[in-house]
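In this note's numbering, the protein residues as written are 1381 to 1810. All residues carry an ideal CB built from backbone N, CA and C; glycine is no exception. Presented below is the structure to which this report refers.
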Amino acid sequence: MLPSARELDRLTAPGAFLWATGVEDTFITAPHPRTGRMLDEYELTDHYRRWEADIALMARLGVPCARYGAPWHRVQPAPATWDFSFVDAALERMLELNIDPIVDLVHYGLPQWMEHAFLNEDYPRRVAEYAARLAERFRGRIRWYTPLNEPRITAWYCGRLGWWPPYGRSWPSFVAVMLSICRGIVETTRALHEVDPDIVAFHVDATDVFESSDPALAEEAERRQRIVFLALDLISGRVDARHPLWTWLLGQGAAEPALNAFRERPLELSVIGVNLYPIFTLKRMSRDRFGRLRIRMPYASGALLTKIGEMYFERYGAPIMISETATKGSVRQRQAWLADSVEAVKSLRAKGVPLVGYTWWPMFALVTWAYRQGLRPLHDHLLQMGLWDLDPDPSGRLDRVETPLVDAYRRLTFGGAAAVGPLAPTPRLS
């Protein structure tokens, strides 16, 4: 069983290591203004119909735990209406199969009735109420919850890129969304602990490493790198007048009282989830011949994982779990990343960095986010980066096709901590 908040020392005990997986659970259910399409990954990958068989596949892997998203839009289809039937059944089945759920309360997306999405003034209260109601149903049996997955990426797509509600396209909008998201994380965490003080709030964010060989871009690369840490810095009370982003935040419209509120009620980061992908996470910045900023994403090696593990441990001093990693492409490419990334985990643990778990995410293919605003058929948007591929059958349903990665991952999970080597004594941070 996953350790409770009082038992987190177990994460770094000899012989301890968490192997995990999960099902992609993005739920952007507001129809796109142009195409009318929604991005409900459970619907698009046929998981609502095949959930029991999919959870059986999880069990075949031998994972002791798995990230699993609650579809808030189905749990609370209207402000005063609650329906836990789907999530109850799925989570109960995981428990029956001895898979501890790490519940994603919000992965991406909110119920449609939440006007202005994350900028709704009631959002922090609403998300905390939903979290408490769900946690109460499994009190004492499910102890790990992620209040909100990838706050920075959520703020980027909702506030800066304009893909998702409330469709902001500016840095001030990004900051406004980020602050509301972080208020929601704080309220959710406190609501969870009111239900059960033994609950572990597993805070998960996307990682990025920004680089540039252009000295003129050094300052911008550093600012972008600091923004990578912003959500975790905010909720843990690290953002004050001495923080490198303080002046920038005020310049984007953040109010001092709103920032100070996080310092008055800081959260403990008891274990941190880091999401990283060799195809997305390394960012190289340059200017083109017209002076426009360009960001390339070269394919990274396992050295990227090593660098990220060291960065996050040095900054926060908490145990780290790889909460998402995978790569797209052929089975051979995926096998290579699995081997390369696991070697990086071994290296970090040998240095004493408390990297305590690894999640191959997702367990089967996902539908790319571009589907919602695109016009091509669903099958053209399948991104094969799982242990199983998704293959359309003649009726259009998506078969789960086992790849050699399944056996490779099973060997790791059944190897437990031995598959990643012992954790050396953790260095003392200054």
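Pick from the options that is closest to residue i, judged by C-alpha positions
i	options	result
E1432	V1403, P1413, P1444 and P1459	V1403
D1463	H1453, E1472 and L1471	H1453
G1796	P1595, P1531, G1442 and R1756	G1442
I1408	T1705, Y1537 and R1669	Y1537
L1767	I1561, A1512 and R1714	R1714
W1543	N1640, A1497 and S1650	A1497
T1587	L1541, W1628 and N1529	N1529
A1400	E1421, T1415 and D1480	D1480
A1436	Y1751, L1490, E1476 and E1648	E1476
E1501	L1770, R1563 and R1570	R1563
A1385	E1495, R1523 and T1461	R1523
I1615	D1760, D1420 and I1565	I1565
A1716	L1597, D1760 and S1681	S1681
I1482	T1627, M1381, P1411 and L1419	M1381
E1516	A1410, E1495, Q1456 and H1573	H1573
R1417	L1755, V1467 and E1591	L1755
T1415	R1791, Q1753 and G1539	Q1753
T1534	E1648, D1420, S1465 and G1489	G1489
D1720	S1710, E1704 and L1684	L1684
Limits of the beta strand (DSSP E) - the one that residue i falls within
i	result
T1401	L1398 to G1402
K1663	L1662 to R1667
A1586	H1583 to A1586
A1446	C1445 to G1449
I1652	I1652 to N1655
I1702	I1700 to T1705
V1486	No beta strand (DSSP E) holds V1486; DSSP gives it neither H nor E.
T1526	W1524 to T1526
E1387	Counting along the chain, E1387 falls outside any beta strand (DSSP E), and DSSP gives it neither H nor E.
Cβ-based neighbour list, residue i, same chain, cut-off 8 Å, excluding 5 preceding and 5 following
i	result
S1392	Reading off the sequence shown, one finds Thr at residue 1392, where the question assumed Ser. P1699, P1734, V1736, L1803 and T1806.
R1505	E1567
R1532	M1558, D1585, A1586, I1607, V1608, L1610 and A1611
L1424	V1747, Y1751 and L1758
E1648	S1616
Residue i: first and last residue of the uninterrupted alpha helix (DSSP H) it sits in
i	result
N1640	E1636 to E1644
S1560	W1551 to V1575
A1683	G1682 to Y1696
D1468	S1465 to E1476
Y1422	E1421 to L1424
W1740	Looking at the DSSP string, W1740 is not in any alpha helix (DSSP H); the run it does join, the beta strand (DSSP E), is L1735 to W1740.
F1590	Taken as a continuous stretch (DSSP letters only), F1590 belongs to no alpha helix (DSSP H), being part of the beta strand (DSSP E) at V1589 to E1591.
E1720	It is worth fixing the name first, because residue 1720 is Asp in this sequence and not Glu. Run containing D1720: V1711 to A1730, per the alpha helix (DSSP H) assignment.
P1595	From DSSP, P1595 is part of no alpha helix (DSSP H); its letter is neither H nor E.
P1772	Run containing P1772: none in the alpha helix (DSSP H); it sits in the beta strand (DSSP E), W1768 to P1772.
Same chain only: Cβ atoms within 6 Å of residue i, ignoring 5 sequence neighbours per side
i	result
T1526	D1484, F1582 and V1584
G1732	A1804, P1805, T1806 and P1807
L1388	S1650
G1449	D1405, D1484 and H1487
A1571	A1508, A1511 and A1512
S1553	G1539
E1636	none
Neighbourhood of residue i by C-beta distance below 7 Å, restricted to the same chain and skipping five residues each side
i	result
S1810	Annotation note: pLDDT 49 at S1810 (below 50); position unreliable, coordinate value reported separately. No residues qualify anywhere along the chain.
Y1692	I1652, V1654 and I1700
R1390	P1383 and A1396
W1493	A1458 and P1459
T1793	W1399, L1441, G1442 and V1443
P1624	R1606
F1660	M1677
Q1772	Note that residue 1772 is Pro in the sequence shown, not Gln. Correct list, in chain order: H1759 and L1778.
Y1503	M1494, S1560 and G1564
G1689	I1700, L1728, V1733 and L1735
Distance CB(residue i)-CB(residue j) smaller than 8 Å
i	j	result
V1589	L1662	yes
F1609	R1695	yes
V1559	A1634	Note that residue 1559 is Leu in the sequence shown here, rather than Val. Yes, the Cβ-Cβ distance between L1559 and A1634 is below 8 Å.
R1676	R1664	yes
A1706	Y1657	yes
L1762	L1770	yes
V1575	R1519	yes
Y1679	I1702	no
Y1789	W1741	no
Q1764	K1708	yes
R1603	W1628	yes
G1671	P1646	no
A1556	L1499	yes
beta-carbon residue i near the ligand NAP non-hydrogen atom, thresh 7 Å
i	result
S1727	No copy of the ligand NAP appears in this structure; indeed no ligand is present at all.
Does the region 1719-1732 come into contact with the region 1466-1478, if we say contact requires no fewer than three beta-carbon pairs (one atom in each stretch) closer than 8 Å?
no
Counting Cβ pairs, one atom from each stretch, are 3 or more of them under 8 Å apart for the region 1782-1797 and the region 1413-1432?
no
I want to know whether the region 1764-1782 touches the region 1741-1752 - three or more CB-CB distances under 8 Å.
yes
Under 8 Å: do the region 1543-1555 and the region 1508-1520 share three or more Cβ pairs, one atom per stretch?
no
Taking one C-beta from the region 1716-1726 and one from the region 1638-1650 each time, how about it: are there three or more such pairs within less than 8 Å?
These segments do not touch.
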